[in-house]
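Step one of this worksheet: look at the structure below.
Protein chains in written order, with my numbering: chain A, 12 to 162; chain B, 57 to 312.
So this is what it looks like as structure tokens:
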């Protein structure tokens with residue numbers, strides 16, 4: 012249990028730092044770095060926890076992208092910045108870079124079955140991310156109304 | 057230039073900044089409409105695509121209209137945020153057209169992060185991802201070195217103005233090649249994790265995200281363009297890695 016806790020914290024720190032680095036590569040203003048990191052960490056930790064309890068990375072991606080997108084919308088309202096600012100760096104831990112690599116690897120080593128399987132999985136993850144983002148972004152919510160209520 | 061023309065000029069310039077720097081199509085269109093309305097133009101008609109802007113004003117004969125082509129360039133999300141803030145200020149009516157022009161000029165010249173920071177960020181990011189995907193610390197260290205090199209390589213390639221797909225292809229080949237060379241001395245353990253970590257700066261996360269958002273907002277044409285971009289970029293990365301892995305398998309005694 013202790014080990015799991017340490018691993019959890021390690022994954023949290025890595026995902027946070029990794030996302031902030033990508034935020035810098037997209038020239039996000041430094042004052043939003045923390046928010047980007049939190050968004051990335053939320054997505055990755057849910058994905059990581061899902062992979063501990065079940066083997067499908069497609070399902071894990073779908074489940075992880077939902078809280079991630081909710082977090083981007085929350086930050087967009089609180090920090091009055093476009094969702095894109097947090098979503099583009101934050102989504103990176105979930106983008107199937109590994110899938111691209113393993114597809115190419117299987118293709119080169121002549122393992123056609125594995126190549127097709129990995130290629131399909133990569134595509135499925137991309138679709139899962141799309142579905143998750145689409146669902147959360149479509150929830151109607153007018154930030155302008157909220158702001159008026161608050162003031 | 058009369059006032060209406062100046063408003064159109066300004067709105068188009070603002071839209072161009074948004075589109076170039078990673079805003080999605082619907083937001084660009086919406087922002088342009090809000091700005092035009094707030095600056096006193098009632099009938100503004102805009103049409104935005106991933107790489108182009110079309111707008112006209114009014115329905116009378118002789119009213120101004122503009123078309124702008126917006127080629128893809130480096131993304132700067134800070135500029136998107138700044139234009140967003142400017143449009144909010146304009147909508148509240150706190151800004152005159154002249155002030156808005158001045159502010160937009162400032163936004164256009166907002167600096168990119170210094171090259172040194174970009175190189176460090178690329179290296180550290182690659183290392184983080186290699187570790188997250190299950191690499192041990194030696195793999196992380198190799199991914200760090202490759203990531204640093206990758207950003208230097210990308211910045212250097214940027215000067216030549218090479219086509220984006222070719223850049224991704226060569227970048228992926230660079231990552232695979234350098235990682236393999238660094239693994240020759242037996243320091244790291246999981247070459248796949250190190251390569252994947254260092255590939256992350258190249259993967260089309262942005263095209264995918266923007267494509268999804270365009271499609272949700274029913275901008276099907278722009279969404280398709282972005283999705284195609286994401287798919288082709290992914291294919292180019294796979295080809296780049298595959299090329300190096302394939303060549304390596306031909307060398308006797310090398311095991312990929």
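Yeah, the Cβ is synthetic: ideal placement off N, Cα and C, and Gly gets one too.
- Query: Taking 8 Å as the CB-CB cut-off, is residue 174 of chain B touching chain A?
  - Reply: yes
- Query: If we cut at 8 Å on Cβ distances, does residue 185 of chain B have a partner in chain A?
  - Reply: yes
- According to DSSP, is residue 237 of chain B helix, strand or coil? helix
- List the residues of chain B that residue 22 of chain A touches, going by C-beta distances under 7 Å, in chain order. 188
- Message: Please give the ranges of any alpha helix (DSSP H) in the stretch 121-156 of chain A, keeping only runs that are unbroken, at least 4 residues long and fully inside the region.
- Response: 123-149
- Query: residue 247 of chain B and residue 25 of chain A: beta carbons closer than 8 Å?
  - Reply: Cβ distance not < 8 Å, so residue 247 of chain B and residue 25 of chain A don't count as in contact.
- Which value, in whole angstroms, describes the spacing of the CA atoms of residue 290 of chain B and residue 262 of chain B? C-alpha separation (whole angstroms): 12 Å.
- Can you say whether residue 268 of chain B is buried or exposed, counting buried as having 16 or more other CB atoms within 10 angstroms of its CB? The residue is buried, with at least 16 neighbouring Cβ atoms inside 10 Å.
- Helix, strand or coil: which one does DSSP assign to residue 129 of chain B? coil
- Item | 7 Å CB neighbourhood of residue 69 of chain B in its chain, flanking five on each side removed | 160
- Task: Apply the 10 Å Cβ neighbour rule to residue 306 of chain B and answer buried if 16 or more other Cβ atoms are within range, or exposed otherwise.
- Result: exposed
- Message: For residue 122 of chain B and residue 31 of chain A, I'd like the C-alpha separation in whole angstroms.
- Response: 38 Å
- Message: 8 Å is my cut-off, CB to CB: does residue 62 of chain A come that close to chain B?
- Response: no
- Message: Considering only DSSP beta bridges, list what residue 103 of chain A is partnered with.
- Response: None; residue 103 of chain A has no bridge partner.
- Note down the Cα distance separating residue 119 of chain B from residue 105 of chain B, rounded to an integer number of angstroms. 22 Å
- Beta-carbon proximity list for residue 313 of chain B, same chain, < 6 Å, skipping 5 on both sides: What is shown of chain B runs 57 to 312, which leaves residue 313 of chain B out entirely.
- Beta-bridge partners of residue 104 of chain B, as assigned by DSSP: B:109
- Quick one, which of B:253, B:135, B:129 and B:194 has its alpha-carbon nearest residue 33 of chain A's? B:253
- Message: Does residue 274 of chain B come out as helix, strand or coil in the three-state DSSP assignment?
- Response: coil
- Task: Show which residues of chain A have a CB atom less than 9 Å away from the CB atom of residue 56 of chain B.
- Result: The structure shown has nothing for residue 56 of chain B, since chain B only spans 57 to 312.
- Query: Which residues mark the beginning and the end of the alpha helix (DSSP H) in which residue 17 of chain A is found?
  - Reply: 13-36
- Query: At a CB-CB cut-off below 9 Å, which residues of chain A make contact with residue 214 of chain B?
  - Reply: Neighbours of residue 214 of chain B on chain A: none; closest Cβ ~13 Å, over 9 Å.
- Assess, as a yes-or-no matter, whether the stretch 94-105 of chain A is touched by the stretch 61-77 of chain B under the definition of 3 or more beta carbon pairs within less than 8 Å. With fewer than three CB-CB distances shorter than 8 Å, the stretch 61-77 of chain B does not count as touching the stretch 94-105 of chain A.
- Which residue's Cα is closest to the Cα of residue 116 of chain B: B:309, B:230 and B:100? B:100
- Message: Looking at chain A, is there any beta carbon in it that lies within less than 8 Å of the beta carbon of residue 149 of chain B?
- Response: no
- Taking Cβ positions, are residue 58 of chain A and residue 67 of chain A nearer each other than 8 Å? no
- Query: Would you say the stretch 125-140 of chain A touches the stretch 83-95 of chain A, given that touching needs at least three Cβ pairs under 8 Å?
  - Reply: no
- Task: May I ask you to list, following chain order, the residues of the stretch 106-121 of chain B that have a beta carbon less than 7 Å from some beta carbon of chain A?
- Result: none
- When the Cα atoms are used, what is the spatial distance from residue 173 of chain B to residue 271 of chain B? 34 Å
- Item | residue 241 of chain B at chain A interface by Cβ criterion, 8 Å | no
- Query: Are the stretch 124-134 of chain B and the stretch 69-80 of chain B touching, with three or more C-beta to C-beta distances below 8 Å?
  - Reply: Output reads yes: the stretch 69-80 of chain B touches the stretch 124-134 of chain B.
- Message: Less than 8 Å between CB atoms is the rule here; does residue 48 of chain A satisfy it with respect to chain B?
- Response: No, no contact with chain B.
- Query: Grouping DSSP H, G and I as helix and E and B as strand, with all else coil, what is residue 245 of chain B?
  - Reply: coil
- Task: Using a Cβ-Cβ cut-off of 8 Å, state whether residue 255 of chain B counts as contacting chain A.
- Result: yes
- Per the contact definition of three or more C-beta pairs closer than 8 Å, is the stretch 191-208 of chain B in contact with the stretch 219-232 of chain B? Touching, yes.
- Task: Report buried or exposed for residue 152 of chain B, applying the criterion of at least 16 other Cβ atoms within 10 angstroms of its Cβ.
- Result: exposed
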